[in-house]
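Colleague: Supplied in C-alpha cells, the structure appears directly below.
There are 2 protein chains.
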Amino acid sequence: MRAPTPAGRHRVVIVGGGFGGLETVKGLAGAPVEITLIDRRNHHLFQPLLYQVATASLATSEIAWPIRALVRDRPEVTTLLATVVGVDAQARQVRLEDGSAVAYDTLVLATGARHAYFGHDEWEPFALGLKTIEDATTIRRRILMAFENAERETDPVRQAALLTFVIVGAGPTGVELAGTIAELARHTLPPEFRNIDTGEARVVLIEAGPRVLAGYPDRLSDYARRSLEKLGVEVELGRAVSEVTAETVTFGEQRLAARTVLWAAGVMASPAAEWLGAPADGAGRLKVEPDLTVPGQPEVFAVGDTVTVAGPDGKPAPGIAPAAKQEGRYAAAVIKARLLGAAPPSPFRYRHPGSLAQIGKRRAVIDFGWIRLTGALAWWLWGIAHIYFLIGVRTRLSVALSWLWIHTRNQRGARLITQGRSSATKPPSTMG
Amino acid sequence: MRAPTPAGRHRVVIVGGGFGGLETVKGLAGAPVEITLIDRRNHHLFQPLLYQVATASLATSEIAWPIRALVRDRPEVTTLLATVVGVDAQARQVRLEDGSAVAYDTLVLATGARHAYFGHDEWEPFALGLKTIEDATTIRRRILMAFENAERETDPVRQAALLTFVIVGAGPTGVELAGTIAELARHTLPPEFRNIDTGEARVVLIEAGPRVLAGYPDRLSDYARRSLEKLGVEVELGRAVSEVTAETVTFGEQRLAARTVLWAAGVMASPAAEWLGAPADGAGRLKVEPDLTVPGQPEVFAVGDTVTVAGPDGKPAPGIAPAAKQEGRYAAAVIKARLLGAAPPSPFRYRHPGSLAQIGKRRAVIDFGWIRLTGALAWWLWGIAHIYFLIGVRTRLSVALSWLWIHTRNQRGARLITQGRSSATKPPSTMG
C-alpha cells in the first residue's frame, strides 16, 4: 500500500507520535534512513497541559499539532495515520488494523500509556481518565454540564451531588485538575449563575498514599496540600477508592455523592509488550536492555511511557515528557551509530531535569534537586518552562494570551460544551 | 424549577442566544424586566467565520463564547441551557424538552435556521451542512480524513474520488468554503504528503443559478468567479444537484465521484412558526407585522433568521448577522416603549450595511452600495470588519494571530481530527 522504499535505504518504523517518537525522528535527522511514523491520531499532543483543556483554560488547538506538519521538512519521513494492532517479529513487520503491514529494519515503539483502573474497568464510564484530546473535551463537557444542571436542579441533595467534583489520585495531574476546577468554581463562574453559588462547589482530591505529589520532597508536598486547601480543595489522604458508580465514590468508610469523578490514579502501558511477547512490569511496561532494545530483539527499541528504565536513584524513571524525549534521542543515537559502524553510545542513563506542578493560580512547586521553589516565583518559572516547550511561536503567543486573560480577568476562553456529532443529532440533555 | 420572578417585574423570555437574541438582551438594558435567555447550546457562535473552523483555519473557541459569560454583568438576565419544543400561546409559556415550562409576559423568538435539503433529507448524511460548531468540526474531520485516506489509497479511481471536494451552493458560505479548501489543498498541505499531490485535489462549486454570489452586483459576482477559478476551483453554474450519495454527486447530466460533499445551498427556518400556528413563507420563516410581532399575538416577537421582513428594495432582508441584530434591537425598543408607555417606534426598516465575502487569501468582494471593492483592499477591510465584530480583546488578538500565520506561513492552527467521544472508543478508521 505504501510507496516502495528506495533500494538499500534502512527502514525505520516508529510507532507513536508523542514525545518519544518525535524525538527519535529528530535524532535521526541526516541518517541514511527511510522513516515511517505511524500514529492512530493525526496530532502530537502536549500532554503536560492537557488538564488545562479539560478545565476550559486552553483550546484544543493550543496544545496539539498535526504530526505531518511537524515533519514536513523531512522528505524521508512518511506519516501514516493508522492503528497498529501487532508486531510480527519474525517477518519484521508491524500489523495495521486494516489488515495491511509495514516492514521494518528497525522498529521503535513509542506507544505510550493509558489510564488504568487496577482491575476495575467497570469504573471507566464514571471515572474519567485524561490522556487524549477527546478525554479532555469530555471532561470539560462533564464539568460545565454539572454546573448547568445544578443551576436548574431544585432538589438540594441532587444539587449538592452535581456540585461535588472528585479527583482520584494526587499526582501532578490530580493536583493540577483539583486546583484548576476549584478556581473555575470560585473565581470564573460565580457572576454567571443566578440560582446556585458555584463557589460552594466541593472539590475533593482522594489519594491512597500518605501525601500529595508523592514524587516530590516532603516540604513541597506539604506546601502543595496547604495551597490546595487554601483554594478550598478537600484533600483526603491515606484511603483508597473502593467503588465508583454513576452517583457515588466510596473511599475508606466514606461514601460521597458526586456526579463528576475524574481519574488520575494510574496508568497502564500500551500493549507493546504483548505484541512482542516480551517481559514487562506490573504496569505493562516493557523491560528493556541498557540500550533500550527489547531483550532478544536488538532491532526493536522501546521508549517513553511504554517502557520502564531505572532512574539515577534506582527507582524507575517517571512517565514524563523529558524521560520520553531522552529515550527517543538515545534510541536514534544507537540506530545512527549502528548504521555508520560507529561505537555504540554508553548505556542509557536517565537524567531528571526537575519536577514542576502548578497548584492553581500563581502557585506552583518546583524541585530541581539542587533548588526547591514554591509560590509565585515557582509559578512564573512553571509558566515560562511550559511556554518554552510548546511548539511554534503562534502557539506560544496564543497560550500566553490565554493565560494573561485567566490571570488578570478570570476569563477562561474555551468554555464550550460540544459533542462530536453533527447538529443533526440533539444537543446534550440538560437534565441531571 | 426556576427562581421565582420578583413580583410585578415584566417577564421577557428570549429563545436563542444568536445575534438576534443577544441584541434583544442588550437593547433591554435598564428596562424594568426579568429576562430569561434560553438556548440549547451554551455558546453564542460567530457564524460569519464558521467556515474557517470547518477548514482548520480557526479554533472553535475563537468564534464561540459562553452565553452566560456575555450576560454576567446583567443580574436581571437568567441564562438557561435548555431545548424549547413548543409555545403555549394561551398560557403564555414556552415548553421545554424536559417537560417543564417557562412563563412569559413577552416572548422573543430568535431561533435561527438550519440547512435544508429541499425535500431531500436523505442527502443529509452525505452533504454536510454548516450551522453549528459540531457541523464545523465534522466537516473539518471529513476534509482532513479525505487527504489522509487518499495518501494511503492505491487505486487511482478511489484516490481521485477522495481528492474531489464538492460544495453545493455558491452563496457567501459556499464561495468561502470552496476558496479556503482550495488554499488548504494547494498551499498548506503539499509539503506534508508523500504519496499524493494535494495540489491536484479538485474543488468543485456547483450552483443552480446563473452566477456565484447571486445577491451581489454582476461585476462582483464575475470577479468572485474568476478569483475562484484562479485558485483552481471548478465553478459549475446553471445546473441543480439532482442526487447525492455516499460516493457521487449528480448535477445536470453529469455524475461526479466525490467522497466529500458540503451543502451550502439552502436553509429552513426553525419551527417557530409551527409552535405558534402562525403564517410562514416557503422556507418556514414567520411573516410578522411591521413591528416584528406575530400576527394576532402582540406579545410575541420574532427576529433573525426565523423571520422574513422586507428589505429596502422590497426583497426579503438577507439572513445575515446585521439583519438579526437590527431586528433584535428594534424588538427591544418596542418592548421598552410599551413598558414605559412611550410612543411605539416607527415600523421596522432593514438597513443593509453592505455585503462582504472572502474569496481565499487576500481577495474579497465588498458591496456597500455606494462603493464596490474587490481584491486586496477589500480583503483587508473584510478582515478588519470581522475582527471588529468579534467579542472581546483576547479573541480579536487570537484570530489576528491565526490569520497572520495563515497568510505569512500557510500554517493553519486547527488541523485536528477529533471525535466527540472519549478515547475509550477507537479513533477514526483510516480506510476510505
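These protein sequences, in sequence, are chains A and B. Per the working numbering, residue 1 is the first one in the first sequence, and the count goes up by one each step. Per the working numbering, residue 433 is the first one in the second sequence, and the count goes up by one each step. Idealized CB from N, CA, C, for every residue including glycine. It should be emphasised that the depicted structure is a prediction, and the values quoted were computed from it without experimental measurement.
Run the CB neighbour count on R9 (chain A), radius 10 Å, all protein chains shown included, and call it buried at 16 or more, exposed below.
Modeller: In the first sequence, counting from the first residue as 1, residue 9 (chain A) sits at position 9. R9 (chain A) is exposed by the Cβ-count criterion.
Colleague: Using the three-state DSSP reduction, which class does Q159 (chain A) fall into: helix, strand or coil?
Modeller: Taking the first residue of the first sequence as position 1, residue 159 (chain A) is located at position 159. Helix at Q159 (chain A).
Colleague: By Cβ distance below 8 Å, which residues in the same chain neighbour L130 (chain A) in space, the five residues on each side in sequence not counted?
Modeller: As a first step, residue 130 (chain A) is located in the first sequence; it is residue number 130 there, counting from the start. For L130 (chain A), where only same-chain residues beyond five positions count, the Cβ hits under 8 Å are L50, Y51, A54, H115, A136, I139, T173, L177, L262, W263 and A264.
Colleague: If contacts are defined as beta-carbon pairs under 8 Å, then I499 (chain B) and G449 (chain B) qualify, I think. What distance do you get, rounded to the angstrom?
Modeller: To locate residue 499 (chain B), count along the second sequence from 1; it is residue 67. To locate residue 449 (chain B), count along the second sequence from 1; it is residue 17. I499 (chain B) to G449 (chain B), Cβ: 4 Å. Contact.
Colleague: Since V797 (chain B) and I791 (chain B) should fall inside the 8 Å C-beta cutoff, what is the C-beta to C-beta distance between them, to a whole number of angstroms?
Modeller: For this step, residue 797 (chain B) is matched to residue 365 along the second sequence. For this step, residue 791 (chain B) is matched to residue 359 along the second sequence. Indeed they touch by this definition, with Cβ atoms about 7 Å apart.
Colleague: Flag P507 (chain B) as yes if its beta-carbon sits less than 9 Å from any beta-carbon of chain A, otherwise no.
Modeller: By 1-based counting over the second sequence, the position of residue 507 (chain B) is 75. Closer than 9 Å: yes.
Colleague: When the cut-off is 9 Å and only beta carbons count, does A592 (chain B) lie next to chain A?
Modeller: The residue you call residue 592 (chain B) lines up with position 160 of the second sequence. So no, A592 (chain B) is outside the interface.
Colleague: With D520 (chain B) as the anchor, note down where its beta strand (DSSP E) starts and where it stops.
Modeller: Numbered from its first residue, the second sequence carries residue 520 (chain B) at position 88. Segment V516 to D520, the beta strand (DSSP E) holding D520 (chain B).
Colleague: Skipping 5 residues on each side, what residues in its chain have a beta carbon closer than 7 Å to that of E122 (chain A)?
Modeller: The residue given as residue 122 (chain A) occupies position 122 in the first sequence. None.
Colleague: Between the Cα of P867 (chain B) and those of B:P748, B:T620 and B:G736, spot the shortest distance and give me the residue it belongs to.
Modeller: What the structure shows of chain B is the stretch from 433 to 864, and residue 867 (chain B) is not part of that stretch, so it cannot be assessed.
Colleague: Tell me which residues of the stretch 408-419 of chain A have at least one Cβ-Cβ distance to chain B shorter than 8 Å, keeping chain order.
Modeller: The residues in question are Q411, G413, A414, R415, L416, I417, T418 and Q419.
Colleague: Assign S778 (chain B) to buried or exposed, taking buried as 16 or more other Cβ atoms, counted over all protein chains shown, within 10 Å of its Cβ.
Modeller: Mapped onto the second sequence, residue 778 (chain B) falls at position 346. Flag for S778 (chain B) reads exposed.
Colleague: Tell me the DSSP secondary structure of H386 (chain A) in three-state form.
Modeller: Your numbering for residue 386 (chain A) matches position 386 in the first sequence. H386 (chain A) falls in the helix class under three-state DSSP.
Colleague: Distance cutoff 9 Å, beta carbons only. Does P271 (chain A) sit that close to anything in chain B?
Modeller: Counting from one through the first sequence, the residue named residue 271 (chain A) turns up at place 271. No, no contact with chain B.
Colleague: Using the C-alpha atoms, what's the distance from Q90 (chain A) back to A82 (chain A)?
Modeller: Within the first sequence, the letter at position 82 stands for residue 82 (chain A). Within the first sequence, the letter at position 90 stands for residue 90 (chain A). Roughly 22 Å separates the two Cα atoms.
Colleague: Which term fits K426 (chain A), buried or exposed, when burial requires 16 or more other beta carbons within 10 angstroms of its beta carbon?
Modeller: In the first sequence, counting from the first residue as 1, residue 426 (chain A) sits at position 426. Because the pLDDT of K426 (chain A) is 35, which lies under 50, any placement of that residue in the model is unreliable, and the number read from its coordinates should be weighed accordingly. Exposed.
Colleague: Consider the Cβ of H818 (chain B): report whether some Cβ of chain A lies at a distance smaller than 9 Å.
Modeller: Within the second sequence, the letter at position 386 stands for residue 818 (chain B). Not closer than 9 Å to any Cβ of chain A, the Cβ of H818 (chain B) fails to qualify, so no.
Colleague: Given a threshold of 16 other Cβ atoms within 10 Å of its Cβ, counted over all protein chains shown, does S834 (chain B) qualify as buried or as exposed?
Modeller: Reading the second sequence from its first residue, position 402 is the one you call residue 834 (chain B). S834 (chain B) is buried by the Cβ-count criterion.
Colleague: Rounding to the nearest angstrom, what Cα-Cα distance links L594 (chain B) and A582 (chain B) in this structure?
Modeller: Position 162 of the second sequence, counted from the first residue, corresponds to residue 594 (chain B). Position 150 of the second sequence, counted from the first residue, corresponds to residue 582 (chain B). When rounded, the distance between both Cα atoms is 6 Å.
Colleague: Starting from L829 (chain B) and walking both ways along the alpha helix (DSSP H), at which residues does that stretch end?
Modeller: Position 397 of the second sequence, counted from the first residue, corresponds to residue 829 (chain B). L829 (chain B) -> alpha helix (DSSP H) spans V825 to R841.
Colleague: Does S398 (chain A) get closer than 9 Å to chain B when you measure Cβ to Cβ?
Modeller: The residue you call residue 398 (chain A) lines up with position 398 of the first sequence. Judged by the 9 Å Cβ criterion, S398 (chain A) is in contact with chain B.
Colleague: Using a 10 Å radius around the Cβ and a threshold of 16 neighbouring Cβ atoms, would you call Q686 (chain B) buried or exposed?
Modeller: The residue labelled residue 686 (chain B) in the question sits at position 254 within the second sequence. By the neighbour-count rule (16 or more Cβ atoms within 10 Å), Q686 (chain B) is not buried but exposed.
Colleague: Using beta-carbon positions only, say whether V267 (chain A) and L213 (chain A) come within less than 9 Å of one another.
Modeller: The sequence position of residue 267 (chain A) within the first sequence is 267, counting from 1. The sequence position of residue 213 (chain A) within the first sequence is 213, counting from 1. Their beta carbons are not under 9 Å apart, which means V267 (chain A) does not touch L213 (chain A) by this criterion.
Colleague: Taking the beta carbon of T180 (chain A) as the centre, do at least 16 other beta carbons fall within 10 Å, making it buried, or is it exposed?
Modeller: For the purposes of this step, residue 180 (chain A) is taken as the residue at position 180 of the first sequence. Flag for T180 (chain A) reads buried.
Colleague: In terms of residue numbering, what span does the alpha helix (DSSP H) encompassing S489 (chain B) cover?
Modeller: Locating residue 489 (chain B) in the second sequence gives position 57, counting from the first residue. First-last for S489 (chain B): undefined, no H or E at that position.
Colleague: Can you tell me the Cα-Cα spacing of T682 (chain B) and I638 (chain B), whole angstroms?
Modeller: Counting from 1 along the second sequence, the entry for residue 682 (chain B) is found at position 250. Counting from 1 along the second sequence, the entry for residue 638 (chain B) is found at position 206. Each residue's alpha carbon lies about 10 Å from the other.
Colleague: Would you tell me roughly how many angstroms separate the C-alpha atoms of S659 (chain B) and F821 (chain B), rounded to the nearest one?
Modeller: As a position in the second sequence, residue 659 (chain B) is number 227, starting the count at 1. As a position in the second sequence, residue 821 (chain B) is number 389, starting the count at 1. Distance between the alpha carbons of S659 (chain B) and F821 (chain B): 26 Å.
Colleague: Measure from the alpha carbon of G319 (chain A) to the alpha carbon of each residue in A:G328, A:T308 and A:P312, then state which is nearest.
Modeller: Taking the first residue of the first sequence as position 1, residue 319 (chain A) is located at position 319. It is A:T308.
Colleague: On the premise that S355 (chain A) lies in contact with G215 (chain A), defined as a C-beta separation below 8 Å, what is that separation, rounded to the nearest angstrom?
Modeller: For this step, residue 215 (chain A) is matched to residue 215 along the first sequence. For this step, residue 355 (chain A) is matched to residue 355 along the first sequence. Yes, they are in contact, since the Cβ atoms of G215 (chain A) and S355 (chain A) sit about 6 Å apart, within 8 Å.
Colleague: So the alpha helix (DSSP H) V457 (chain B) belongs to, where does it begin and stop?
Modeller: On the second sequence, residue 457 (chain B) is found 25 positions in, with the first residue counted as 1. Taken as a continuous stretch (DSSP letters only), the alpha helix (DSSP H) holding V457 (chain B) covers F451 to G459.
Colleague: With the cut-off set at 9 Å, would you say G453 (chain A) and S57 (chain A) are in Cβ contact?
Modeller: Lying outside 1 to 432, the shown extent of chain A, residue 453 (chain A) is not represented and no answer is given.
Colleague: For the beta strand (DSSP E) containing L80 (chain A), name the first residue and the last one.
Modeller: What you label residue 80 (chain A) is simply residue 80 of the first sequence in a count that begins at 1. Its beta strand (DSSP E) spans residues V77 to L81.
Colleague: Under a Cβ-count criterion, where at least 16 other Cβ atoms within 10 Å of its own Cβ denotes burial, should W814 (chain B) be classed as buried or exposed?
Modeller: In the second sequence, the residue the question calls residue 814 (chain B) occupies position 382. That one is buried.
Colleague: Around the C-beta of R691 (chain B), are 16 or more other C-beta atoms found within 10 angstroms, so that it is buried, or is it exposed?
Modeller: Taking the second sequence and counting its residues from 1, one reaches residue 691 (chain B) at position 259. Buried, because 16 or more other Cβ atoms sit within 10 Å of the Cβ of R691 (chain B).
Colleague: Using alpha carbons as the reference points, say which of A:T418, A:R394 and A:A185 lies closest to R841 (chain B).
Modeller: Sequence index remark: in the second sequence, residue 841 (chain B) carries index 409 (1-based). Answer by Cα proximity: A:R394.
Colleague: Count the other CB atoms, across all protein chains shown, that sit within 10 Å of the CB of T106 (chain A); report buried if there are 16 or more and exposed otherwise.
Modeller: Position 106 of the first sequence, counting from 1, holds the residue named residue 106 (chain A). It counts as buried.
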